[in-house]
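Engineer: Residue numbers (the numbering used here), protein chains in the order written: chain A, 63 to 506; chain B, 107 to 420.
Note that beta-carbon positions come from the ideal geometry of N, C-alpha and C, so glycine has one too.
A quick note: this is a predicted structure, and the numbers were derived from the prediction, not measured.
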Amino acid sequence: MAELYQTQRAMRNMRRAALQRGVIGILDIGTSKIACMVLKFDGSGTMRETDGVGPMAGQANFRVIGAASTRSRGVRRGEIETMAETERAIRTVVAAAQKLAGVRVDHVIACMSGGRPSSYGLDGQIVLESGKVTEHDVASVLASCEVPDFGRGREVLHAQPVNFAVDNRSGLSDPRDHAGNKLACDMHVLTIDGDLIGNLVQCIRRCDLELAGIASASYASARASLVEDEQELGAACIDFGGGGTGVSIFVKKHMIFSDNVRIGGNLVTQDLAQGLRVSLPVAERLKTLNGGVEATGRDDRDMIEVGGDTGDWEADRRTVSRADVIGIMRPRVEEILENVRQTLDAAGFDHMPSQQIVLTGGGSQIPGLDGLATRILGPNIRCGRPLRIDGLAHQLTDPSFSSAVGLALFAAHPQDEWWDFEMPADSYPARSLRRAYRWFRNNW
Amino acid sequence: MSFVIDHRPGRQSEPPLPRPKRDPAPSRLKYRLERMWLTPLYRRVVRVGLPAFLIAMTAGLWMADEGRRAMLTDGIAGVVEKIQSRDAFQVKMMTIEGASPAVDKALRGMLPIDLPASSFDIDLVALRLQVLQLDAIEDIDLRIKPGGVLSAVVKERVPALLWRHPRGIEMLDATGHRVAGVTSRDVRRDLPLIAGVGADQASEEALELIDAAGPILPRVRGLVRRGERRWDLVLDKGQQIKLPAEGAVTALGAAIAMHQAEDILGRDIRVVDLRNPSRPIVQLGIDAQNTIRSARGQPLLGPDGKPLEEEKGG
Chain A
63 MAELYQTQRA MRNMRRAALQ RGVIGILDIG TSKIACMVLK FDGSGTMRET DGVGPMAGQA
123 NFRVIGAAST RSRGVRRGEI ETMAETERAI RTVVAAAQKL AGVRVDHVIA CMSGGRPSSY
183 GLDGQIVLES GKVTEHDVAS VLASCEVPDF GRGREVLHAQ PVNFAVDNRS GLSDPRDHAG
243 NKLACDMHVL TIDGDLIGNL VQCIRRCDLE LAGIASASYA SARASLVEDE QELGAACIDF
303 GGGGTGVSIF VKKHMIFSDN VRIGGNLVTQ DLAQGLRVSL PVAERLKTLN GGVEATGRDD
363 RDMIEVGGDT GDWEADRRTV SRADVIGIMR PRVEEILENV RQTLDAAGFD HMPSQQIVLT
423 GGGSQIPGLD GLATRILGPN IRCGRPLRID GLAHQLTDPS FSSAVGLALF AAHPQDEWWD
483 FEMPADSYPA RSLRRAYRWF RNNW
Chain B
107 MSFVIDHRPG RQSEPPLPRP KRDPAPSRLK YRLERMWLTP LYRRVVRVGL PAFLIAMTAG
167 LWMADEGRRA MLTDGIAGVV EKIQSRDAFQ VKMMTIEGAS PAVDKALRGM LPIDLPASSF
227 DIDLVALRLQ VLQLDAIEDI DLRIKPGGVL SAVVKERVPA LLWRHPRGIE MLDATGHRVA
287 GVTSRDVRRD LPLIAGVGAD QASEEALELI DAAGPILPRV RGLVRRGERR WDLVLDKGQQ
347 IKLPAEGAVT ALGAAIAMHQ AEDILGRDIR VVDLRNPSRP IVQLGIDAQN TIRSARGQPL
407 LGPDGKPLEE EKGG
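1. Any Cβ of chain B within less than 9 Å of the Cβ of A:T196?
2. Considering only C-alpha positions, which residue in the set A:L262, A:C269, A:I443, A:G193 is nearest to B:R134?
3. Quick check: what's the CA-CA separation for A:V289 versus A:M317?
4. Please classify B:P115 as buried or exposed, where buried requires at least 16 other C-beta atoms within 10 Å of its C-beta.
5. Does B:N126 have its Cβ less than 9 Å from a Cβ in chain A?
6. If you measure between the beta carbons of A:A286 and A:L471, is that distance less than 9 Å?
7. When the Cα atoms are used, what is the spatial distance from B:L297 to B:S206?
8. What residue range does the beta strand (DSSP E) around A:C299 cover?
9. Can you tell me the Cα-Cα spacing of A:T509 and A:L495, whole angstroms?
10. Run down chain B in chain order and give the residues with a C-beta less than 7 Å from the C-beta of A:R166.
11. Using a cut-off of 7 Å between C-beta atoms, extract the partners of B:R150 located in chain A.
12. For A:R392, report the span of its alpha helix (DSSP H) as first-last.
13. Got a sec, what are the start and stop residues for the beta strand (DSSP E) A:S232 sits in?
14. Is there at least one non-hydrogen atom of the ligand MG closer than 8 Å to the beta-carbon of A:I398?
15. For A:L421 versus A:I300, is the C-beta distance shorter than 9 Å?
16. Name the residue from A:T459, A:N230, A:A246 whose alpha carbon lies nearest to the alpha carbon of A:V189.
17. Along chain B, in chain order, which residues have C-beta atoms closer than 8 Å to that of A:Q160?
18. Give the secondary structure of A:V251 by DSSP, where H, G and I count as helix, E and B as strand, and everything else as coil.
19. For the alpha helix (DSSP H) containing A:N352, name the first residue and the last one.
20. I want to verify the contact list: residues of chain A whose CB lies under 8 Å from the CB of B:P130, in sequence order.
21. Taking 8 Å as the cut-off, does the stretch 185-193 of chain B touch the stretch 202-217 of chain B (at least 3 CB pairs, one atom from each stretch)?
22. Below 7 Å on C-beta distance, what does A:D270 contact in chain B?
23. Looking at A:R403: is its Cβ nearer than 9 Å to the Cβ of A:L439?
24. With C-beta atoms as the reference, is A:A455 less than 9 Å away from A:L101?
25. I need the DSSP call for B:I275, collapsed to helix, strand or coil.
26. List, in chain order, every chain B residue whose beta-carbon is nearer than 9 Å to that of A:A157.
27. Have a look at A:R497 and A:G305 and give me their C-alpha separation to the nearest angstrom.
28. If you count every other CB in all the chains shown that lies within 10 Å of the CB of A:D386, and 16 or more means buried, which is it?
29. Tell me the DSSP bridge mates of B:V340?
30. Use the C-beta contact count for A:Q70: other C-beta atoms within 10 angstroms, 16 or more gives buried, fewer gives exposed.
31. Considering just the uninterrupted stretch of the alpha helix (DSSP H) at A:H475, what are its terminal residues?
32. List the whole-angstrom C-beta distance separating B:D374 from B:L390, where the pair is believed to meet the contact cut-off of C-beta under 8 Å.
33. Is the beta carbon of A:G219 sitting closer than 9 Å to the one on A:P179?
34. Where A:L334 and A:M391 are concerned, what is the direct C-alpha to C-alpha distance, given to the nearest angstrom?
35. With DSSP collapsed to three states, give me the class of B:Q404.
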């Protein structure tokens, strides 16, 4: 854990340096598209009221000065599969965003959705010697959390203190200066495959960029698409992506659970391609332009030219009805939603005080999805769009960019994580002192 | 052995294969170059520094040769000359208004321009300062009018006083500035005469005194400045009125009032001393003193003011 603590701390420092320079890049690496935004932190806090962007959520201190998105390459199920391809895609999108922004981006904050995220709720408890909670006590209670065996090659992506309790007063968000004898904390830890982070770091470094932070895509999209009340009262955010569907549950402004269902929009496209015997691009077009989940009588008569360039006239002049498309899409969407339901059940979402569910991500734009989701997930469902942020072009404000927008919010106002607190001195490994001593002896 | 004759139509020429789609990703080199280009310092160096350096270097190398430098300066001078000597800028004649013939002649001699000349060569300010050194000219308005006319509107000084001083006689205007020298008093009999060192400094007071002299003006011969401090009004018959330094006009008024009341200036009085205005002193002439002395039986005074020797023995 100590090593992780150091790397995350280094990333935090890099983020601070980037903010001081005023420019930071946002890189959302998804399965179907890669989005990059260049944020400028001028600190002026001036809003352009004409755009309808008010001082929402305290995110007025930055501005998007360049944004671009491109088709993702080499990414499968939210994981980097072909590094060279992904690197090219990152280069494409970063070059385009830089060109729009007119400034050079050196630090990026990235998010990924895959890597089999798993959440853990940890708790720790210490005895307060001074009878009062100090900053040091907060750090040591976080360090005292019992860490389960995450498994081989797992890395901690988020470790956020969710709740503090002093003696029997629970539900504190900031326990400092509270008087008491005992300090306990609950911490939410999200781990993903370590190789995935390594690959991401490698890809980004090969693009001459520095990684200034890393976040989970489902966390980022929830930050963008859940409104403040939903984050406070409790809500689940479901991010329909290409390679997977992210699920995250928020309560009291903290993420308490996150998971990823490994079925996404790409599988729907694949079903269409197989069922209608068309190529994948044609299937993708059919899905986005004519897709749906609720068939009506009119859809039977709505014939769509499939097209093709096989050279076979019969094959190229085929038409399918919209009802066919819907008939292929619906079972797969239902399956995704069933899986989401299972995930939510496993997380105990039923026991949450609020049953609000927000659908976001590119897949949430399927017409009629909210009706279908109401039947499977529960009654309180809305389709969420990301928060409006200053300077973002209109075509980049649809739900598929919610994780990018959330990442921008994350870059501007990161929530406290474990590594934001000073590690208690006794848990520093003694090895480092010895290493420093050796270095001095060797070099002087 | 059999022939297989292919009756199928000849293979149609295949349409050229669509070119493989270009990779939209920038190559690593291009990406790095773009990022370098977006670096502010590099950008500034390339866009400002490098061109400036190149221009400076080419200019420097070209100018390093003496002949080229001379050629350049000559060329510039030639172009300037050509433009300045264009017909539109030529000044062909000079008009002088408001000057007497003598001043006109002096001016024409003084303005050292051989017309026609280019208006760029005429420095009007310097010319004006030069002309203003002429005493007779109070102000001059020099300008080049359209049509190539150098117009000078002259305002001459009006002589108001004659000033006699050890080196001659000069005419002064009302402010005491020299207008011209005259050879004798008779040249300008109409002007009042002042004399003495520093008289020109107080010419305004002198003019006031002369205005105030009023009824005795026909008898006034002039004003004499004493000690650069006060005036003496000199009348004919050797009479003079000594005026105080302060309030001279008032004192003169008092003297005139005395004269009108008692006709003191018609009597044999040499000096009316008003230097202390509250205590006028009158100095009698010789004849009057002798009249008094003879009446008292005292010896008479000679013209030099000394008592005559008794001519008893003679």
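Structural biologist: For this structure:
1. Chain B, which has no Cβ nearer than 9 Å to the Cβ of A:T196, makes this no.
2. Nearest in C-alpha terms to B:R134, of all of A:L262, A:C269, A:I443, A:G193, is A:C269.
3. Using only the alpha carbons, I get a separation of about 14 Å.
4. So B:P115 ends up on the exposed side.
5. It should be pointed out that residue 126 of chain B corresponds to Pro in this sequence rather than to Asn. No, its Cβ sits nowhere closer than 9 Å to a Cβ of chain A.
6. Cβ atoms of A:A286 and A:L471: closer than 9 Å.
7. For the pair B:L297 and B:S206, the Cα-to-Cα distance works out to about 19 Å.
8. That run of the beta strand (DSSP E) goes 297-302.
9. Given a span of 63 to 506 for chain A in the structure shown, any question on residue 509 of chain A remains unanswerable.
10. Within chain B, the residues near A:R166 are R141, L144, T145.
11. Here the premise fails: no neighbours, minimum Cβ distance about 13 Å.
12. DSSP places A:R392 inside the alpha helix (DSSP H), whose first and last residues are 384-409.
13. Here the beta strand (DSSP E) through A:S232 covers 231-234.
14. The ligand MG is not part of the structure shown, which contains no ligands of any sort.
15. In this structure, A:I300 lies closer than 9 Å to A:L421 by Cβ.
16. Put simply, of A:T459, A:N230, A:A246 the residue whose alpha carbon is nearest the alpha carbon of A:V189 is A:A246.
17. Ordered by position in chain B, the residues that pass the 8 Å Cβ test against A:Q160 are E140, R141, L144.
18. Residue state, collapsed to three classes: strand.
19. That run of the alpha helix (DSSP H) goes 342-352.
20. Those are T132, T154, listed as they occur along chain A.
21. Flag = no, the stretch 202-217 of chain B and the stretch 185-193 of chain B do not touch.
22. Correct list: R138, R141.
23. Cβ distance < 9 Å, so A:R403 and A:L439 count as in contact.
24. No.
25. In the structure shown, B:I275 adopts extended strand secondary structure according to DSSP, grouped into three states.
26. For A:A157, the C-beta contacts it makes with chain B under 9 Å involve A131, P132, K136, Y137, E140, R141, in order along the chain.
27. A direct Cα-to-Cα measurement between A:R497 and A:G305 gives close to 44 Å.
28. It counts as buried.
29. Bridge pairing for B:V340: B:G328, B:Q346 [DSSP].
30. Buried, by the Cβ-count rule.
31. No alpha helix (DSSP H) contains A:H475, which DSSP labels as neither H nor E.
32. The pair is a contact, with the Cβ atoms about 6 Å apart (cut-off 8 Å).
33. Note on identity: in this sequence residue 219 of chain A is Leu, with Gly being the wrong assignment. For the 9 Å CB-CB criterion, A:L219 and A:P179 form a contact.
34. Whole-angstrom Cα-Cα distance: 7 Å.
35. In the three-state reduction of the DSSP assignment, B:Q404 falls in the coil class, being assigned neither a helical nor a strand state.
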